[in-house]
Structures are given as structure tokens and as C-alpha cells.
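*Asks:* Sharing a structure with you now.
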Ligand SMILES: [Zn+2]
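Residue numbers (the working numbering): 1 to 354.
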């Protein structure tokens, strides 16, 4: 594979909810420091590229003007969008940098610079057209997909969401279209925010069968994810034949994450990047990967780097900074995952050859 462009800007660090909040802007500079400490900036196949903010018009691809104006006014008065998503002056501009990095990554591959690119900060999948929450103000994942549909007339887009949380905003935006296949692998929604993303939420109207939710049991480990890839993700990719694949999700499925209860190792995060590369190869498509989440600052840079290394097919030995817990390979976890995967196949066999 040729170069993988990684879109980064110092301005991303302004996407910061403040002291005591689990989403701080320092995550972006922490990533870059570790990336350089490991000497990865010297590899010719990984290229850090200065990203630029998106325009107001880009945001209108998904969000309505009243909502955007509400953020612009609300941030001056420190009004929260939701309990967990406080606004502070400058957040609207910072959000435009997040979306900008994702759109820059998309345009980078559309212009033929590479088969794959990374947008740092992206994956704001809890934002809806006229509301936000879950640390998300505007939905860059959906904006990228809408850019492809509206500006590039691309009709088969796959979004693979591997964030620990369900991408409820993204799912909602594409719930009634067959042009976007949304596959989400996330912690069992009865045990984690946002509390939706059950198997039977399959889409509606033209979109029926195009919303595929694969819940993972609490402590769901690398083996559980492999099962989801081989039994559901790969067959769906072969049948849907996407033209572009957007993957989103950072390091929050890691076993040490402080907000979630999954059991994925650094190697499991690398596998998320590898699977992205594999499904691009299978379908002959290009893709972008959007990385922003992660709530254990010790793991976050290593987790993000693992995903990027997997996507780029670069062998690089990374040691797990935190020892693997004893429960991580408990057999009962895989049994629960098998049951979830079986149910997904049962429900979606009405729409796909599963
Ligand atoms: Zn998350």
C-alpha cells in the first residue's frame, strides 16, 4: 500500500470540554508526541498533513442552521448541549477543525493521493441534525458520507463504526436510505451510553436492512470482534460492494478504558485498522478512518497508533502499557458474543445472504 495521510492540526487541541471532563484537547498533542517518540514520523508511508477547518456550508450538509446558530450563541453563555457536553467559547470553531480534518482526509483520497487517509479528532457519531451530546457537537462521519452522496454522487457508502459506544446520531441520519450501509460494533446498549443500538433496529423504508447493529457483551474481547468480522462484516462487504468505506472509532474499546467495559487489546485495535484495509481490498474501494475517542490517557496514543499501523500494514511491535487483566480470555464472554452474532445473522438474513 502507498502513503497513508494523517490529517492533524494544533487547533484540534481546542476541542476541549475543560478540567475534569474525560474529553480534553491534550489527547491530540499527546498522540503526536508519542507518534514522534516512536520514530513513526520518519516512516515514508505515514505522512502527517496539516488540516484546515471546514466551512459553515459543509456543516449544513447534515445540520440545520438554527441548531448551528444555537451553538454559536450558546457557547458564549457556557450553555450545555447536554449534561455531558458543556459548551465553552471557541468550541464551535474547534468543532469545525474536527470536521475539517475528516473532510480533508476524504478529499485527500478522492483526489487520488492515497487509498487511505486518517482524520484525527473525527468520529463524532452522537450528533444528530439538530441536537448534540456524548461529547459530540456536529457529526463529521455523517458530513463525510453526505459529501460523498451530494457532491460526488456516490451511491454505495459503508460506514463501519467500531467505537465502544453506539453511533446513534449517524444511524439516525441514514436510517431511511439504502445508499449508506451502517455497521456498528459496540458494547451491549443495555450496559452503556447512549442506550440504543439493539439488533432489531435495522433501518426503515428504503433503509430497512441497512442499519446493522452488532452488540458486544461486557468484556467483549479480540476473539469476539473476530467473530463479528468473519461472520457479518466480511460477507456484507462482499454483497454490498461499497465504493468508499468510512471507519470511525478510537481507543475506547480497550480493556483499560475508563468509560467503557470492553476487553479489546492493543492488538485488537490494530485489527480494526487491518480489517478496514482488508475490506477496502475486497471491494476495491478507498477509505478514511476517523479517530477521536479514548478515555484512558495512558492508552490513547498507543491505541490510535495501533489502528493506524493496522490500516497502513506496517509491522511495528508495540507493548501493552498496562498488563492484560486475568478475565480477558474468559470463555463465557465468547459464548455471549456467539449468541449476539447468531441473532444478528438471523435478523439480517431477511435482507442479506448471511
Ligand atoms: Zn465512544
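We treat Cβ as the ideally placed atom computed from N, Cα and C, and that holds for glycine.
1) Judging by CA-CA distance, which residue of 291, 353 and 318 is the nearest neighbour of residue 235?
2) By Cβ distance below 7 Å, which residues in the same chain neighbour residue 336 in space, the five residues on each side in sequence not counted?
3) Does DSSP classify residue 258 as helix, strand or coil?
4) Pick out whichever of 164, 144, 124 and 66 has its Cα sitting closest to the Cα of residue 104.
5) Return the Cβ separation of residue 146 and residue 62 in integer angstroms, given the expectation that the two are a contact with Cβ distance under 8 Å.
6) Can you give me the start and stop residues for the beta strand (DSSP E) that residue 216 sits inside?
7) Would you check if there are 3 or more beta carbon pairs closer than 8 Å linking the segment 21-39 to the segment 145-165?
8) In the DSSP assignment, what are the bridge partners of residue 2?
9) Just to confirm, is the Cβ distance from residue 265 to residue 276 under 9 Å?
10) Got a list of residues with beta-carbon closer than 5 Å to any non-hydrogen atom of ligand 1, in chain order?
11) So, at 6 Å on beta carbons, what are the nonlocal neighbours of residue 283 in its own chain, with the 5 sequence-adjacent residues on each side left out?
12) Could you tell me which residues DSSP puts in a beta bridge with residue 137?
13) For residue 164, does the three-state DSSP call read helix, strand or coil?
14) Which residue marks the beginning of the beta strand (DSSP E) containing residue 356, and which one marks its end?
15) Pull up the DSSP beta-bridge partners for residue 7, would you.
16) What is the rounded straight-line gap between the Cα of residue 12 and the Cα of residue 109?
*Replies:* According to the data block:
1) 353
2) 217
3) coil
4) 144
5) 5 Å
6) 211-216
7) no
8) None, per the DSSP bridge assignment.
9) no
10) 163, 164, 165, 252 and 293
11) 237, 241 and 242
12) According to DSSP, which records beta bridges pairwise, residue 137 is partnered with nothing at all.
13) coil
14) Coverage of the chain is limited to positions 1 through 354, which leaves residue 356 absent and any answer about it impossible.
15) 49 and 119
16) 21 Å
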